[in-house]
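Since the structure comes first, as structure tokens, the remarks are kept for the end.
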Amino acid sequence: MFWDILSMVALLVEVLTAPLQVYDISGGVRQVGDVLHWSTTSYWVLDVPASFLTAVYINDILHTKLADVARVYLRSWFLFDMLMLAPEVVFFASALSQQPGEESEDPAASGLLRALRARRLVRVVRFVRILRFQKAMVVLKKLSCYRHFRLFFQGRISSSLLPVLCLMFGLAAAVHFLASLWFVAGTVEHGWAFNEGLHEAPFAQQYIRSVEWAVSRLPASSLRANVELHTAFERWLAIMATFASLIISSMFVSILTNLMADVARRTRKMAQILESVRKYCGTCGVSYAHTMKVKRLVEREHCRASIQDHMQFLLTLPEALVKELFHEARSITLACHPLFMEIGAMNPTMELQLCNKAAKELYLLEHDEMFRGNEKGEGIYILASGAAQYAQGAEFYQPLTSSPDRDKARQSASPPGIALRFFNVVAGTSDRLGEKREGRRQSESKPSKPPVHVSADDYLSEQAMWIRGWKHQGRLAATVESRALHLATVEVRSVLNDYSDVLAVAVVYARSYVETMNRLSAEEVSDLPLDPGQFEMDPAWSIKVASEIRRDSRLDRVEPEPLD
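Just so you know, we're using this note's numbering here: the sequence shown kicks off at 62 and counts up by one.
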């Protein structure tokens, strides 16, 4: 949703700019801050009536009636939104009542009013409400910036650092907010900022000194000095900040300790496995090069197993719950293909069976291959997350050539025939080597096709689903840590065979697909998906096939012919 994305942007602006409202900012920076401030305020004002025009879940049932939505909103976030907009109403009313050229008589009142506006920082808890909307998260995952962030994070940063980075960001935001509270508490008479003359200092000095003061008052060792502060607001703020820092620091140390313990446990387990492999290779006299190769393979498989640890816990759940969970998760990826999206909408029961019987999740590491050229196709691959690269070229083909002389020699089992076969092999070795070198030079001289980047929601090798004996025309390998969905041809046909209405649509689609493939030239044949605009559907043939399938839904009767 566009409105939910705007709310995330408004929350980020609030976190960064709301505490800055208490400082004395002048010039162009003040104008920019005012523009951002009133822009976010306008959004939150419009968000109140917009909250009545949305939908809510009540007992896992989606309700769109205005009365139901209003009842839920009034009980949950309405009062909170009104309290957050109250300081803006007071500020706007005071600005209208003030005469042009007239200045405020009470500077402390102005600082208190700006402090009230800074209280809008607690709107950050609304981010939890935004995360409840699955549609908003789906829209966010469709953005290219989110994909680039995931690719950068998976390729360059360890997954254990993500919680630490989130904690560091939370601590920085807390210090940012606490510094503004300390400046508000110190600008009154006999306050720390008033005694140091910060109320007349430039903005940069005010902010830096406030951050230094806030951080220096956090440790418990400074509690005696905090009690000796001049104003009651400063003393209570220091005491509350100290106790809050104790709780937050305990949570930070606990989370960091658990993360380090988990990393140490995985490292220790990996070291034990590698030590066992090294001892076995040393006992059997395996070469050093082969030992290192096995070591790298063991490390990759251990990393792959750690990625799919959650599958073991899912299998402990009830079978009905696991089937429903797999259906909900894998149907999103299946919808990336137009045929499976259409037949899934036609028959949800068939889609449930397809997700549980024919679909298999693949957890891929960097450089893992899903298929290679000249291998028999086993089904379609849909990339759910991550990225991959498809390379097509003649270097993947190694066809076996037959020779009439070699066939005749095979038919001869006498010693003269065996000797003749041996001399033919020796005499033809140099000729075959020359032919191979010449063929290699010709293949290198031909311009090779550039690799194709495969991103999330893309699918390949659909030809193996509809063409018998399909051989892959290239190599598909993951470029980052990825997750793919593999639909096996045999299992898909077995599921479709039980649903005649869906089978009719699939057969019509398959026939059009095979006819389109037969019209392609040899250079255009690949594992990449075809353009849907190239399909030519025959309505009369579709009706005929549908009637035949309803009478006898055997897939072998209407199976498309193989590619010529």
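Note that CB positions come from ideal geometry on N, CA and C, so glycine has one too. All values reported here derive from a predicted model rather than from experimental measurement.
Have a look at Ser283, Leu226, Arg278 and Ser516 and flag the residue whose alpha-carbon is nearest the alpha-carbon of Leu317. The sequence position of residue 317 within the sequence shown is 256, counting from 1. If we check each option's Cα against that of Leu317, Leu226 comes out closest.
Pair every Cβ in the stretch 523–540 with every Cβ in the stretch 424–436, then say whether three or more of these pairs are closer than 8 Å. yes
In its own chain, which residues sit with a C-beta less than 8 Å from the C-beta of Met402, not counting the 5 before and 5 after it? Along the sequence shown, read from residue 1 onward, the residue named residue 402 stands at position 341. Cβ neighbours of Met402 beyond the five flanking positions: Leu395 and Ala396.
Opposing strand residues paired with Phe432 [DSSP bridges]: Residue mapping note: residue 432 aligns to position 371 of the sequence shown, counting from 1. Phe432 is bridged to Leu537.
Which first and last residues belong to the alpha helix (DSSP H) in which Ser446 is found? For this step, residue 446 is matched to residue 385 along the sequence shown. First-last for Ser446: Gly440 to Ser446, but that is the beta strand (DSSP E), not the alpha helix (DSSP H).
Could you tell me if Cys416 is buried or exposed, where buried requires 16 or more neighbouring beta carbons within 10 angstroms of its beta carbon? The residue you call residue 416 lines up with position 355 of the sequence shown. Buried.
What is the residue span of the beta strand (DSSP E) that Val515 lies within? Residue 515 sits at position 454 when you count from the first residue of the sequence shown. Segment Val513 to Ser516, the beta strand (DSSP E) holding Val515.
Which class does Ile404 belong to by DSSP, given the choice of helix, strand or coil? Translated into positions along the sequence shown, residue 404 becomes position 343. Helix, per DSSP.
Spatial neighbours of Ala302 within its chain, please: CB distance less than 7 Å, with the 5 preceding and 5 following residues excluded, ordered by chain position. Along the sequence shown, one-based indexing puts residue 302 at 241. Correct list, in chain order: Leu239, Arg278 and Leu279.
What three-state label does DSSP hand Tyr560 in the structure shown? For the purposes of this step, residue 560 is taken as residue 499 along the sequence shown, with counting starting at 1. Coil.
Report the residue from Ala366, Cys345 and Leu335 whose alpha carbon sits nearest the alpha carbon of Val355. Within the sequence shown, the letter at position 294 stands for residue 355. Out of Ala366, Cys345 and Leu335, Leu335 has the C-alpha closest to the C-alpha of Val355.
Quick one: residues in its chain with C-beta nearer than 8 Å to the C-beta of Arg296, no 5 flanking neighbours on either side, listed in chain order? Position 235 of the sequence shown, counted from the start, is the residue given in the question as residue 296. Asn287, Val288 and Leu290.
Check whether the Cβ atoms of Lys418 and Glu552 sit closer than 8 Å, and answer yes or no. As a first step, residue 418 is located in the sequence shown; it is residue number 357 there, counting from the start. As a first step, residue 552 is located in the sequence shown; it is residue number 491 there, counting from the start. Yes, they are a contact pair.
Based on Cα-Cα distance, which residue from Ala147, Ile119 and Gln267 lies nearest to Tyr134? For this step, residue 134 is matched to residue 73 along the sequence shown. If we check each option's Cα against that of Tyr134, Ile119 comes out closest.
Would you call the stretch 444–455 in contact with the stretch 512–525, where contact means no fewer than 3 C-beta pairs closer than 8 Å? yes
For Val245 versus Val93, is the C-beta distance shorter than 8 Å? Taking the first residue of the sequence shown as position 1, residue 245 is located at position 184. Taking the first residue of the sequence shown as position 1, residue 93 is located at position 32. No; because the gap between Cβ atoms is not below 8 Å, this pair is not in contact.
Express the C-alpha separation of Leu140 and Ala305 in angstroms, rounding to a whole number. Here residue 305 is taken as the residue at index 244 of the sequence shown, counted from 1. Here residue 140 is taken as the residue at index 79 of the sequence shown, counted from 1. Straight-line Cα distance between these residues: approximately 26 Å.
Taking a contact to mean a Cβ-Cβ separation below 8 Å, would you say Phe264 touches Asp85 in this structure? For the purposes of this step, residue 264 is taken as the residue at position 203 of the sequence shown. For the purposes of this step, residue 85 is taken as the residue at position 24 of the sequence shown. Result yes, Cβ atoms of Phe264 and Asp85 sit closer than 8 Å.
Whose C-alpha, out of Tyr574, His237 and Ser315, is nearest the C-alpha of Arg529? Here the question's residue 529 lines up with position 468 in the sequence shown. Comparing Cα positions, the closest option is Tyr574.
In the DSSP assignment, the beta strand (DSSP E) including Tyr424 goes from what residue to what residue? For the purposes of this step, residue 424 is taken as the residue at position 363 of the sequence shown. Taken as a continuous stretch (DSSP letters only), the beta strand (DSSP E) holding Tyr424 covers Ala420 to Leu425.
Opening and closing residue of the beta strand (DSSP E) in which Val117 lies: What you label residue 117 is simply residue 56 of the sequence shown in a count that begins at 1. Segment Val117 to Ile119, the beta strand (DSSP E) holding Val117.
Are the Cβ atoms of Thr115 and Glu75 separated by less than 8 Å? For the purposes of this step, residue 115 is identified with residue 54 of the sequence shown, where counting begins at 1. For the purposes of this step, residue 75 is identified with residue 14 of the sequence shown, where counting begins at 1. No.
Any chance the CB of Met578 is under 7 Å from a heavy atom of the ligand FAD? With respect to the ligand FAD, the structure offers nothing, as it holds no ligand at all.
Does the Cβ-Cβ distance between Leu546 and Ala420 come in under 8 Å? The residue you call residue 546 lines up with position 485 of the sequence shown. The residue you call residue 420 lines up with position 359 of the sequence shown. Closer than 8 Å, so yes.
Per DSSP, what kind of secondary structure is Ala340 in: helix, strand or coil? As a first step, residue 340 must be located in the sequence shown, where it is residue number 279. The displayed chain sequence assigns Lys, not Ala, to residue 340. Lys340 falls in the helix class under three-state DSSP.
For Cys342, tell me which candidate among Met353, His124 and Ala332 has the shortest Cα-Cα distance. Residue numbering aside, residue 342 sits at position 281 when the sequence shown is read from its first letter. If we check each option's Cα against that of Cys342, Met353 comes out closest.
Candidates Leu284, Phe294 and Ser310, of which the one nearest Met229 by Cα: Working through the sequence shown from its first residue, we reach residue 229 at position 168. Ranking the options by Cα distance to Met229, first place goes to Ser310.
Is Tyr104 helix, strand or coil by DSSP? Residue mapping note: residue 104 aligns to position 43 of the sequence shown, counting from 1. In the structure shown, Tyr104 sits in a helix (DSSP, three-state: H, G or I).
Taking 8 Å as the threshold (C-beta atoms), are Leu521 and Pro590 in contact? The residue you call residue 590 lines up with position 529 of the sequence shown. The residue you call residue 521 lines up with position 460 of the sequence shown. Yes, the pair counts as a contact, with Cβ atoms nearer than the cut-off.
Please state if the CB of Val117 and the CB of Asp108 are separated by a distance shorter than 8 Å. Working through the sequence shown from its first residue, we reach residue 108 at position 47. Working through the sequence shown from its first residue, we reach residue 117 at position 56. Contact: no.
Tell whether a beta-carbon distance below 8 Å holds between Glu422 and Thr550. One-based indexing of the sequence shown puts residue 422 at position 361. One-based indexing of the sequence shown puts residue 550 at position 489. Contact flag unset, no.
Output the boundary residues of the alpha helix (DSSP H) element that contains Arg270. On the sequence shown, position 209 is the one that residue 270 refers to. First-last of the alpha helix (DSSP H) with Arg270: Phe264 to Ser277.
Rounded to the nearest angstrom, what separates Leu400 and Met69 at their Cα positions? Numbered from its first residue, the sequence shown carries residue 400 at position 339. Numbered from its first residue, the sequence shown carries residue 69 at position 8. Their Cα atoms are separated by approximately 35 Å.
Assigned exposure category for Met526 - 16 Cβ within 10 Å defines buried: In the sequence shown, the residue the question calls residue 526 occupies position 465. Buried.
Tell whether a beta-carbon distance below 8 Å holds between Asp142 and Trp105. Taking the sequence shown and counting its residues from 1, the one referred to as residue 142 is at position 81. Taking the sequence shown and counting its residues from 1, the one referred to as residue 105 is at position 44. Yes, the Cβ-Cβ distance between Asp142 and Trp105 is below 8 Å.
Residue closest to Leu72, alpha-carbon to alpha-carbon, out of Leu97, Ile443 and Ala567: For the purposes of this step, residue 72 is identified with residue 11 of the sequence shown, where counting begins at 1. It is Leu97.
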